[in-house]
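Residue numbers (numbering that gives the first Met the number 0): 0 to 145.
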Amino acid sequence: MYRELFMLLHNDYYVDNYVLLKDLLNPDESPLYKHVELNANQKGFYKKAFENVFDPSLYPNLDYVLNISQHYKSTNQPDLAFYMPYPEDENGVPFTETDIPTYVPTVVTDENLADYGYGYKEENGQWNTYITDDNYALQNATINLF
């Protein structure tokens, strides 16, 4: 799942290194997937994993909240996204798909106030918590979810 996300994060389709959730959940209609070359094993892996976890019969409002076809038609709805603030470390060395990322769930009402947050990184089978900021993100592969 991370490999697909990583490959999509390193695109030149969007202005910055981000991938919209609607892209990941609808790879066949996403303009990003048409722009980025992925092999058949990578394309749609995130969507399958998401559907395995979020069974619509267990979450009756999920279809309404994530109505992809409606979401693509509307430009007024906010987009959920994965964002990699720094694709390279502080020495200019690009992070790779083998780096274990720290995920930072973020709610941003003003991007000028989003200087740090709690991040979660899976290490040795458990999730560890880190306080993430620019310095942390320059030394560790970091993906914000907002």
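For every residue, glycine included, the Cβ atom is placed at its ideal position computed from N, Cα and C.
Judging by CA-CA distance, which residue of the options is the nearest neighbour of residue i?
| i | options | result |
| --- | --- | --- |
| tyrosine 129 | Leu144, Asn123 and Val103 | Val103 |
| leucine 137 | Asn123, Tyr58 and Thr101 | Thr101 |
| asparagine 134 | Leu24, Tyr13 and Asp114 | Asp114 |
| glutamate 122 | Glu36, Asp98 and Asp132 | Asp98 |
| tyrosine 1 | Tyr32, Thr95 and Phe145 | Thr95 |
| phenylalanine 5 | Phe53, Glu28, Pro84 and Leu57 | Pro84 |
Considering just the uninterrupted stretch of the alpha helix (DSSP H) at residue i, what are its terminal residues?
| i | result |
| --- | --- |
| asparagine 134 | 133-138 |
Leaving out the 5 sequence neighbours to the left and right, which residues in its chain are closer than 6 Å to residue i when beta-carbon positions are compared?
| i | result |
| --- | --- |
| aspartate 78 | Leu19 |
| asparagine 147 | The chain is shown only over 0 to 145; residue 147 falls outside these bounds and no answer can be derived. |
Buried or exposed for residue i, going by 16 or more other Cβ atoms inside 10 Å?
| i | result |
| --- | --- |
| lysine 47 | exposed |
| glutamate 3 | buried |
| valine 35 | buried |
Over what stretch of residues does the beta strand (DSSP E) that includes residue i continue unbroken?
| i | result |
| --- | --- |
| valine 18 | 17-19 |
| asparagine 123 | Careful: asparagine 123 lies outside any beta strand (DSSP E) and carries neither H nor E. |
Please return the same chain residues whose Cβ sits closer than 8 Å to the Cβ of residue i, not counting the five positions on each side in sequence.
| i | result |
| --- | --- |
| proline 86 | Leu8, His9, Asn16, Pro93 and Phe94 |
Within the segment 80-109, note down every full alpha helix (DSSP H) run reaching 4 residues or more, in order along the chain.
none
Uninterrupted beta strand (DSSP E) stretches inside the segment 8-59 (no shorter than 3 residues):
17-19
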